[in-house]
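Those letters in the sequence shown? Residues 1 to 170, per UniProt numbering, in order. Beta carbons: idealized from backbone N, C-alpha and C, even for Gly. Owing to the predicted nature of the structure, the values given are computational and were not obtained by experimental measurement. Read the structure below first, then the notes.
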Amino acid sequence: MYRSPDEAYPFLADEPQDLRCDFELLTDELASLTGLLAAKVEEPALKEELLWLDEMIYHANPTLRTSFSVKPEEVKALRERTKLLMRESAGTVNRFVLPQGCETAALAHVLRVKSKELVRLLYRHIHQGHETPEELVDFCNLMSGYFFGLALKLNRSARVEEKDFVSRNY
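The following block contains the structure:
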């Protein structure tokens, strides 16, 4: 198999069933999009929070090759922030909403889905028989909830109403 001398990342040619590089690429994408969201928000405290989370995502990036280096107190801080965002949205999260609204909320919804993709990939990795830190699975799940709550907050701040989605199938 040809390996480019200009390879962008040394693990890109790993065996297809090896999901570690896929995880690293997805976390890199998630961190990049989180940085983009931070660039678009106006509120300094929220920008700082997003850049903090951006750093946590990069700390989680090599976990499947090394160890989980996000500290328990950092996971706890994300959990508490997620709970606060959901409390602030009480009454608006008891239903499905369309992933829409202001630009920053729409981007937060993209990040919510990307976080779920990470969780799905982690479960595939676990099903293959690989040890995976439970804290990493929790962290990735928490990010999905965080970005959902943040999308609702950003829409509220922009005075954009959530649009209910009623499934024809459920």
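- Inter-residue distance for N141 and L122 is about 10 Å (C-alpha atoms, whole angstroms).
- Secondary structure note for V113: its alpha helix (DSSP H) is the uninterrupted segment 103-127.
- The way I'd put it, the region 73-88 doesn't touch the region 105-117; fewer than three beta-carbon pairs between them come closer than 8 Å.
- Residue environment for K76: exposed (fewer than 16 other C-beta atoms within 10 angstroms of its C-beta).
- Under the three-pair Cβ rule at 8 Å, the region 56-63 counts as touching the region 15-27.
- With respect to S115, S144 sits close: the two C-beta atoms are nearer than 8 Å.
- Comparing alpha-carbon positions, the option among L154, E43, L51 lying closest to L36 turns out to be L51.
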